[in-house]
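**Q**
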Amino acid sequence: RAVTTPVFFGAQQSRKYAEGAGVKEYTVREALNEALAEELESNPKVFILGEEVAQYNGAYKVTKGLLDRFGDKRVIDTPITESGFCGLAIGAALSGLHPVCEFMTFNFAMQAIDQIVNSAGKTLYMSGGIQPCNITFRGPNGFAAGVAAQ
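Take this note's numbering: the last position of the sequence shown gets the number 162, and nothing is skipped along the way.
(1) Just reading off the alpha helix (DSSP H) that F118 is part of, what are its end residues?
(2) Would you mind reading off the limits of the beta strand (DSSP E) that contains L61?
(3) Which word fits G83, buried or exposed, when buried means at least 16 other C-beta atoms lie within 10 angstroms of its C-beta?
(4) Inspect the beta-carbon positions of T39 and E63 and report whether they are closer than 7 Å.
(5) Buried or exposed: where does I142 fall if 16 or more other Cβ atoms within 10 Å of its Cβ makes it buried?
(6) So, I102 versus Q127, is the Cβ gap smaller than 7 Å?
(7) Do the region 96 to 110 and the region 68 to 84 touch if we need at least three Cβ pairs shorter than 8 Å?
(8) With DSSP collapsed to three states, give me the class of V65.
(9) Given this structure, state the Cα-to-Cα distance separating L61 from G96, to the nearest angstrom.
Structure representation (structure tokens):
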């Protein structure tokens with residue numbers, strides 16, 4: 013199903029729309045792909061990691077073409093260990109990078125919920141506002157057969 017309303021992901025897209033470039037029709041997958049590409053292009057600190065995001069172009073093809081365009085240092089396939097790659101992404105964020113941590117399905121994010129809530133979510137408050145954790149967690153969610161967490 014196509015998105016027919018304006019979709020704003022960053023300053024560049026907002027300017028294009030404001031300058032009268034019109035409304036582009038996207039599928040949700042295409043809109044996510046373009047938003048990720050725009051952020052990778054505009055900010056060298058941004059990288060994507062997760063299961064099958066690189067060589068397979070994402071389980072749902074959201075990251076299609078990003079490996080070829082940005083290379084294997086910025087689009088990174090991980091082992092099937094959600095807690096592990098989530099912790100890696102949080103560590104990178106605490107070091108000043110801006111990771112996009114992609115879960116194949118958000119049910120699998122529950123394998124890393126302690127790190128999401130207690131490490132990423134509370135660091136700014138626990139540090140008295142000194143240490144941000146600039147991270148994006150993303151993945152599909154909703155009804156589908158056979159996608160429960162282990």
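No residue lacks a Cβ here, since even glycine has one placed at the ideal position from N, Cα and C.
**A** Let me lay it out:
(1) Numbered from 1 along the sequence shown, position 106 holds the residue referred to as residue 118. Run containing F118: F118 to A121, per the alpha helix (DSSP H) assignment.
(2) The residue given as residue 61 occupies position 49 in the sequence shown. Taken as a continuous stretch (DSSP letters only), the beta strand (DSSP E) holding L61 covers V58 to G62.
(3) Indexing the sequence shown from 1 puts residue 83 at position 71. It is exposed - the Cβ of G83 has fewer than 16 other Cβ atoms within 10 Å.
(4) Sequence index remark: in the sequence shown, residue 39 carries index 27 (1-based). Sequence index remark: in the sequence shown, residue 63 carries index 51 (1-based). No. Outside cutoff.
(5) Looking up residue 142 in the sequence shown gives position 130. Per the 10 Å Cβ criterion, exposed.
(6) Translated into positions along the sequence shown, residue 102 becomes position 90. Translated into positions along the sequence shown, residue 127 becomes position 115. It is a contact, given that the beta carbons lie within the stated cut-off.
(7) no
(8) As a working note, residue 65 is residue 53 in the sequence shown. Note: V65 maps to coil in three-state DSSP.
(9) Numbered from its first residue, the sequence shown carries residue 61 at position 49. Numbered from its first residue, the sequence shown carries residue 96 at position 84. Approximately 11 Å between the Cα atoms of the pair.
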